[in-house]
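Counting in the working numbering, the sequence shown runs from 1 upward without gaps. Single-structure report; data block below.
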Amino acid sequence: MKKKLGITLIIIIAVAIFIKAELDYNPSVRVLASVINFSESTLKSDDYLAYNIDLKDLFRNYTNADIRYSGSAYIKKLKGFPYSISGSIKGERSPEQKKFSCKSDLDVLVLNVGKMDLYAEDSNIYLVAPMLGDASFGFDTGENLFLKAPNLNNDINREWFHSNKKNIYNFVNSIEINKTGETYVDEDGTEADEFAITIPQGEGDFIWQLLGMDAPDHDIKSFIYLDKFNHTRKLVFDLSYKTKGAYISIYGKNLSTLELYSPLPDNEEVTATIKRDGNSNYTNAYFDNITYKTTAGDTFTVDCGVLLNYIDDGIKIEMTNIDVAKNETILAEGYVKGKIKTVENMGDVFENAHADLDDVTIIDWDTIKNDTASFVDDVISKARDNVDVLDLFD
């Protein structure tokens, strides 16, 4: 009896040592363990970026669909313009038409000062400002302003991971995974090992089906960073096949932060960051930042808090504490609140907004980005010259 017990203990210890060794030294096993950990741990955390968010619904019915929005805006500080501005806003966006409209009716204190409308089409932006004496501007950013999110065919949840256990196992064992020797230190000081992952062309059909997209005709490169418990601390997807140096990264203890980075022509770059605020009592709260670095050495930033909540006929959104800055000098502060809803049979966005872009002055984008301050000062100067009511406050 004692002999059998001893043999049993030896077998248990040997299996435990084998499992430990596999988890420590076999990259495929560690990545597979991280997938299990993600589905059983990260998805339950209120710090997780998409916690309590139906990504399938959000992408299909809002991000990639025709939407109509309405609400109000308040600008409490505008550099060089010593008046608070408030007003109503409304508009539409259509990814298929690649058109966007935003119509606003603005007030300074209790006096109406007129309308200012914003439009976009393809890569072009138009500012139509009757309040500036019909001084209107347009420019081509050279970038696609209507990028689409994945059209998910399933929700990314524990049920999906459970249903695809075999697919995930086969997938992990068929892709190339290498431990690079590099490490990543998370914001809480936790160190994670870097693993380079290459998804060969033709692999991962169930993933492309989930994302609602055609399988790529090239290899996909990404990186995963795992702590000693095989908990994912960071994911990086290399987008160099589209734009050299571009990437999407998700990082944090429970993948709380999304970062999108892209180089631009003329040695410029833009970074967008969305971080979930898991401590907020609101249903879904985020801190957002957009940073744009120009070839002239200037850095423009937009920071705000975002509150997001589903309601019966759409989504309620509040953008709080909006700060627009140049090289840390605040240019504008304010907030926006409203709601968005999907629209069927929307019709032409510009026709619905009664947009007239025939007399818009087209300005070369380089002119604006190389001397944005002068452009903004010129617009504000025209506002003061053309809106007589502002003279009352001088």
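All C-beta atoms in this analysis are idealised placements derived from N, C-alpha and C, irrespective of residue type, glycine included.
(request) Under 8 Å by Cβ, that's how I've got I290 and T301 pegged, so tell me the actual separation to the nearest angstrom. (result) 7 Å
(message) My output table needs one value for S374: the three-state DSSP class, helix, strand or coil.
(response) helix
(message) Rounded to whole angstroms, what is the Cα-Cα separation between N178 and R276?
(response) 30 Å
(message) If contacts are defined as beta-carbon pairs under 8 Å, then L211 and L152 qualify, I think. What distance do you get, rounded to the angstrom?
(response) 7 Å
(message) Tell me the DSSP secondary structure of S136 in three-state form.
(response) coil
(message) Assuming contact is defined by CB atoms lying nearer than 7 Å, are L226 and D193 in contact in what I supplied?
(response) yes
(message) By the three-class DSSP mapping on this structure, what secondary structure does L152 have?
(response) coil
(request) Enumerate in chain order the residues of its own chain whose CB-to-CB distance from D323 is below 8 Å, with the five nearest sequence positions on each side excluded. (result) T301, V302, D303, C304, I330, A332 and E333
(request) Count the CB pairs spanning the stretch 25-38 and the stretch 200-210 that are closer than 8 Å, and state whether there are at least three. (result) no
(message) Using C-beta distances below 7 Å, list every residue in its chain close to D140, excluding the 5 sequence neighbours before and after it, in chain order.
(response) S123, N124 and W365
(message) I'd like the list of long-range same chain contacts for L258, defined as Cβ closer than 6 Å, with 5 residues on each side in sequence excluded.
(response) L49, I250 and I274
(message) Distance check for H354 and L127, CA to CA, integer angstroms please.
(response) 14 Å
(message) Out of I248, L145, I53 and F237, which one is the CA nearest neighbour of I315?
(response) I53
(message) Within the continuous alpha helix (DSSP H) that includes Y169, where are the two ends?
(response) K165 to V172
(message) Under 8 Å, with one C-beta from each stretch per pair, do the stretch 60-77 and the stretch 91-101 reach the 3-pair mark?
(response) yes
(request) Grab the span of the alpha helix (DSSP H) containing E328 for me, first residue to last. (result) That residue, E328, is in no alpha helix (DSSP H); it is neither H nor E in DSSP.
(message) Cutting at 6 Å between CB atoms, please list the residues of its own chain near S262, excluding the five before and the five after it.
(response) T243, A246 and V270
(message) Which of the three DSSP states is assigned to I362 in this structure?
(response) strand
(request) Out of T361, N254 and W208, state which residue places its alpha-carbon closest to the alpha-carbon of T190. (result) N254
(message) Do S86 and D107 have their beta-carbon atoms positioned less than 7 Å apart in this structure?
(response) yes
(request) Using 10 angstroms around the beta-carbon of P265, count the other beta-carbons present and answer buried if the total reaches 16, otherwise exposed. (result) exposed
(message) Using only the alpha-carbon positions, how far apart do S240 and K76 sit?
(response) 41 Å
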